[in-house]
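Since the structure comes first, as structure tokens, the remarks are kept for the end.
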Amino acid sequence: MPDLDSRLRPTFDEVLRRNPGEREFHQAVHEVLSSLGPVVSKHPEYTDGAIIRRLCEPERQIIFRVPWVDDSGQVQINRGFRVEFNSALGPYKGGLRFHPSVYLGIVKFLGFEQIFKNSLTGMPIGGGKGGSDFDPKGRSDAEVMRFCQSFMTELYRHIGEYTDVPAGDIGVGGREIGYLFGQYKRITNRYESGVLTGKGLTWGGSQVRPEATGYGLVFFVDEMLRTRGESFDGARVVVSGSGNVATHAIAKVHELGGTVVACSDSSGYVVDERGIDLDLLTEIKQVRRGRLKEYADAAGGSVAFVEGGSVWDVPCRIALPCATQNELDADAAATLVGHGCTIVAEGANMPCTPEAVRLLESAGVGFAPGKAANAGGVATSALEMQQNASRDSWTFEHTEERLSQIMRGIHDRCLETADTYGSPNNYSTGANVAGFIQVADAMLALGVI
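Residue numbers 1320 to 1768, in my numbering, belong to the letters of the sequence shown in order.
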């Protein structure tokens, strides 16, 4: 990692000392601190008041046991987490991730990122994140339900529409949110629809919420293209992943005139030069919960499936990593640059390694960090909370327009802030600084808490 400003180095050293072994959290903190040198030069009050040190320490970290019974009658034990990181701007807000890789360091990295992402939306929401090392893949609906009920039996006492509002993330979709909300309602005997977001449309959910992260990502990139006098029309695009974010990003790219020629899952990737068939992809990945090889088998000889390997080997003009953290490394970045890629925008949380980001930016590739580019999901969650609070329901068109306005506003705010702090056209600096200043000013106003 490159050196930090000397006024920020002690804070990062303290993070390393107090959080040993949590490499993803270290990476997320370093990435933000590396942008703040010009900020502390202009605003010494952020270091004098220990604002940055306090920002790096969660307000609350909750770890709990999740016992549940599988279909064979065996008791299984998982670990649950909720890190309530910062509530200076509003109730903690952030998703739940169910995946075997989840441990405290992952949840803290995600929660730390969420602080600044939520700040950038301009909505009154703080930052938090949670999840479990439970793997829903291959489990029956009954097993997933029993796990979710056990998970919520502990979590319910820590959440609320004015306290902490979880949502979905990897491994947590509409099915899981339904089971979690049902258990919350059962335990509390209250229909508090604002306590979770990502709900079904018939029981308090919002139009556009399933599409929001993917759509928002593409709205952000569309604005990046506009600043260059370009558009999606005729653009060749590669997307990593094939879940909710990737699927809806593909849909919006196609709507705006681009062609997504490749996507991936953990087994490999497919290349479909005609453009990814969304109906087929949805049938295989969301209905059958199958693997991408089935897409190639069903699509016929014109579609290639590559087992393993890197989807970033496929030449493209625009790359949208939408799978998971640190999936796009320096070698992949060099390949993208060599193939003439001009924009990389993060649909997942921190999918590009620091080395990849440096290489892309030094090569003049437009790079949009996840805390800005994928903020559409949490922004629409806040819109869902707004509808719940007013007992209202908006149309798809109205909600999508609100999402588009928010994403274009984030884009402009990033560019304006980057220019103010001496890094023109650097979206990473703009996102980090703009997100930080709003939270830091709120923390100063609230006193030492």
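We put the beta carbon where it would ideally sit given N, CA and C, even for glycine.
Considering only residues of the same chain and omitting the five flanking positions on each side of residue i, which have a CB-CB separation below 7 Å?
{"i": "S1459", "result": "D1390"}
{"i": "C1733", "result": "A1691, Y1746, G1749, A1750, A1753"}
{"i": "F1624", "result": "G1587, V1589, L1611, K1612, A1615"}
{"i": "A1618", "result": "D1591, D1596, L1599"}
{"i": "F1331", "result": "L1323, V1348, H1349, L1352"}
{"i": "A1461", "result": "D1390"}
{"i": "P1443", "result": "L1408, G1409"}
{"i": "D1632", "result": "T1654"}
Tell me which same chain residues have a C-beta within less than 6 Å of the C-beta of residue i, skipping the five on either side of it?
{"i": "M1762", "result": "I1370, A1407"}
{"i": "E1282", "result": "Here the chain has residues from 1320 to 1768 only, and residue 1282 is not among them."}
{"i": "G1424", "result": "E1341, E1343, F1344"}
{"i": "I1666", "result": "The residue asked about is misnamed: residue 1666 is Gly in this sequence, not Ile. These residues qualify, in order along the chain: L1536, V1564, A1568, L1639, C1641, N1693."}
{"i": "R1398", "result": "D1452"}
{"i": "G1627", "result": "G1587"}
{"i": "V1359", "result": "R1326, Y1365, T1366"}
{"i": "A1651", "result": "S1629, W1631"}
{"i": "M1704", "result": "G1513"}
Can you tell me which of the three DSSP states residue i falls into?
{"i": "A1638", "result": "strand"}
{"i": "S1559", "result": "strand"}
{"i": "R1509", "result": "coil"}
{"i": "D1367", "result": "helix"}
{"i": "L1655", "result": "helix"}
{"i": "W1307", "result": "With the chain covering 1320 to 1768 only, the question about residue 1307 has no answer from this structure."}
{"i": "T1699", "result": "helix"}
{"i": "T1672", "result": "coil"}
{"i": "D1598", "result": "helix"}
{"i": "C1582", "result": "strand"}
{"i": "P1329", "result": "helix"}
{"i": "L1474", "result": "helix"}
{"i": "K1361", "result": "helix"}
{"i": "S1438", "result": "helix"}
{"i": "S1469", "result": "helix"}
{"i": "V1684", "result": "coil"}
{"i": "L1323", "result": "coil"}
{"i": "Y1588", "result": "strand"}
{"i": "D1452", "result": "coil"}
{"i": "F1551", "result": "coil"}
{"i": "L1575", "result": "coil"}
{"i": "Y1411", "result": "strand"}
{"i": "R1545", "result": "helix"}
{"i": "A1753", "result": "helix"}
{"i": "N1338", "result": "coil"}
Kindly indicate which residue of the options has the alpha-carbon position closest to the one of residue i.
{"i": "K1504", "options": "A1764, T1472, G1519", "result": "T1472"}
{"i": "L1520", "options": "I1729, R1342, D1711, R1337", "result": "D1711"}
{"i": "Y1365", "options": "F1624, R1326, A1694, I1662", "result": "R1326"}
{"i": "A1570", "options": "R1547, S1438, I1595, N1405", "result": "I1595"}
{"i": "A1649", "options": "E1592, E1680, D1367, G1741", "result": "E1680"}
{"i": "C1467", "options": "V1385, Q1705, G1685", "result": "V1385"}
{"i": "H1573", "options": "R1593, D1584, S1585, G1562", "result": "R1593"}
{"i": "R1607", "options": "G1441, P1363, G1457, Y1740", "result": "G1457"}
{"i": "Q1757", "options": "V1394, M1464, N1405, G1695", "result": "N1405"}
{"i": "V1381", "options": "G1449, D1584, R1677", "result": "A small correction: the amino acid at residue 1381 is Ile; Val does not occupy that position in the sequence shown. Out of G1449, D1584, R1677, G1449 has the C-alpha closest to the C-alpha of I1381."}
{"i": "L1575", "options": "S1585, S1742, D1552, R1328", "result": "D1552"}
{"i": "V1463", "options": "A1486, R1336, G1490", "result": "G1490"}
{"i": "A1708", "options": "K1361, G1523, Q1433, G1392", "result": "G1523"}
{"i": "T1546", "options": "Q1346, A1764, R1337, R1727", "result": "R1727"}
{"i": "Q1433", "options": "P1634, G1368, T1566, S1700", "result": "S1700"}
{"i": "H1730", "options": "L1765, E1333, F1538, W1713", "result": "F1538"}
{"i": "Y1740", "options": "A1486, K1361, G1548", "result": "K1361"}
{"i": "G1683", "options": "G1689, N1744, T1714, W1713", "result": "N1744"}
{"i": "V1394", "options": "R1465, E1735, W1713", "result": "R1465"}
If contacts are defined as beta-carbon pairs under 8 Å, then residue i and residue j qualify, I think. What distance do you get, rounded to the angstrom?
{"i": "G1535", "j": "N1693", "result": "7 Å"}
{"i": "Y1588", "j": "V1630", "result": "4 Å"}
{"i": "F1417", "j": "E1350", "result": "Between E1350 and F1417 the Cβ distance is about 25 Å, and since that is not below 8 Å, they are no contact."}
{"i": "P1400", "j": "V1421", "result": "The sequence shown places Phe at residue 1400, not Pro. With 8 Å as the limit, F1400 and V1421 qualify as a contact, their Cβ atoms being about 7 Å apart."}
{"i": "L1702", "j": "S1525", "result": "6 Å"}
{"i": "D1488", "j": "G1414", "result": "3 Å"}
{"i": "Y1475", "j": "T1440", "result": "Not really, about 26 Å apart at Cβ, beyond 8 Å."}
{"i": "F1686", "j": "V1697", "result": "At roughly 21 Å, the Cβ-Cβ gap does not stay under 8 Å, so F1686 and V1697 are not in contact."}
{"i": "L1722", "j": "G1695", "result": "6 Å"}
For residue i, I'd like the list of residues in its chain whose CB is within less than 8 Å of its CB, leaving aside the five on either flank, ordered along the chain.
{"i": "R1636", "result": "A1554, R1555, V1556, G1659, C1660, T1661, I1662"}
{"i": "L1335", "result": "H1345"}
For residue i, is the beta carbon positioned less than 6 Å from some heavy atom of the ligand COA?
{"i": "H1349", "result": "The ligand COA is not part of this structure, which contains no ligands at all."}
Could you confirm whether any beta carbon from chain D is found closer than 7 Å to the beta carbon of residue i?
{"i": "S1586", "result": "Considering every chain present, this structure includes no chain D. It has just one protein chain."}
Point to revise | Inter-stretch contact (C-beta, 8 Å, three-pair minimum) for the segment 1524-1531 and the segment 1717-1732 | key: yes
Check your understanding: If we count Cβ pairs, one from each stretch, closer than 8 Å, do we get three or more for the segment 1360-1374 versus the segment 1447-1467?
Key -> no
Review point. Is there contact here, the segment 1510-1530 with the segment 1474-1490, by at least three beta-carbon pairs under 8 Å?
Key: yes
Review point. Between the segment 1663-1683 and the segment 1644-1655, do at least 3 Cβ pairs fall closer than 8 Å?
Key: yes
Exercise for review: Give a yes or no on contact between the segment 1422-1437 and the segment 1498-1508, applying the rule of three or more CB pairs nearer than 8 Å.
Suggested key: no
Review point. Is the segment 1649-1660 touching the segment 1565-1580, taking contact as three or more C-beta pairs under 8 Å?
Key: no
Check your understanding: Taking one C-beta from the segment 1595-1609 and one from the segment 1538-1547 each time, how about it: are there three or more such pairs within less than 8 Å?
Key -> They do not touch, by the three-pair rule.
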